[in-house]
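In this note's numbering, the protein residues as written are 5 to 178.
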């Protein structure tokens, strides 16, 4: 899970699954590439983590690209917002992800600090701002649509993490 220049950095994430004996016997070699995590004996687990984490990366990067385009439409360079986003990601977003992970595992989504019905109008503002600037609205509309589905399912007073239940539904394409 790295760009070439990150290979060898101890902070680089490596995922492994399969034989614990093989992992242990090759741990010194793996350490030369980054920090390896043994995800258990099922050989396909690392591949599933890999594709899931790539999905997270692409979704996050699409959010950044959308931010850059929206601000860029007003002449704001992407490099201006980058320090704000990276600081926000490292503090607030990390905390939110950790909180949501617990909610997801418990399948309980208390809306103590934020809830879908509170977020929904802001999503409409994002769609409107994009539309008014002649920008592609697919990403903001996707966020708004998933949230609308969550509210329609009676989850309006639950946290944004409750959208995991919308995402768990089988797709029409399945």
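Virtual Cβ for every residue (Gly too), placed ideally from N, Cα, C.
Classify residue 151 as buried or exposed, calling it buried when 16 or more other Cβ atoms lie within 10 Å of its own Cβ. The residue is buried, with at least 16 neighbouring Cβ atoms inside 10 Å.
Report the partner residues of residue 53 according to the DSSP bridge assignment. In the DSSP output, where bridge partners are listed per residue, residue 53 has none listed.
With residue 130 as the anchor, note down where its beta strand (DSSP E) starts and where it stops. Segment 120-136 is the alpha helix (DSSP H) holding residue 130; no beta strand (DSSP E) there.
Distance check for residue 148 and residue 129, CA to CA, integer angstroms please. Whole-angstrom Cα-Cα distance: 10 Å.
Three-state secondary structure (DSSP) of residue 39: Under the three-state reduction of DSSP, residue 39 is assigned to strand.
What residues match up with residue 17 in a beta bridge as DSSP calls it? The partner list for residue 17 (beta bridge, DSSP) reads 39.
Quick check on the burial criterion: 16 or more other C-beta atoms within 10 angstroms. Buried or exposed for residue 144? Around the beta-carbon of residue 144, 16 or more other beta-carbon atoms lie within 10 Å, marking it buried.
For residue 113, which residues of its own chain have a beta-carbon under 6 Å away from its beta-carbon, when the five flanking residues on both sides are left out? For residue 113, where only same-chain residues beyond five positions count, the Cβ hits under 6 Å are 107, 162, 163, 165, 166.
Can you say whether residue 44 is buried or exposed, counting buried as having 16 or more other CB atoms within 10 angstroms of its CB? Counting every other CB atom within 10 Å of its CB across the protein chains shown gives residue 44 a total below 16, marking it as exposed.
In chain order, what residues of the same chain lie with their CB nearer than 8 Å to the CB of residue 38, ignoring the 5 residues before and after it? Correct list, in chain order: 6, 10, 11, 12, 13, 14, 15, 16, 17, 18.
Using CA coordinates, which residue listed in 95, 94, 69, 96 is at the minimum distance from residue 83? Comparing Cα positions, the closest option is 69.
By alpha-carbon positions, which one of 120, 177, 175 ends up nearest to residue 156? Measuring from the Cα of residue 156, the nearest candidate turns out to be 120.
For residue 77 versus residue 139, is the C-beta spacing smaller than 8 Å? Taking 8 Å as the Cβ cut-off, residue 77 and residue 139 qualify as a contacting pair.
How big is the Cα-Cα spacing for residue 58 and residue 158? Roughly 31 Å separates the two Cα atoms.
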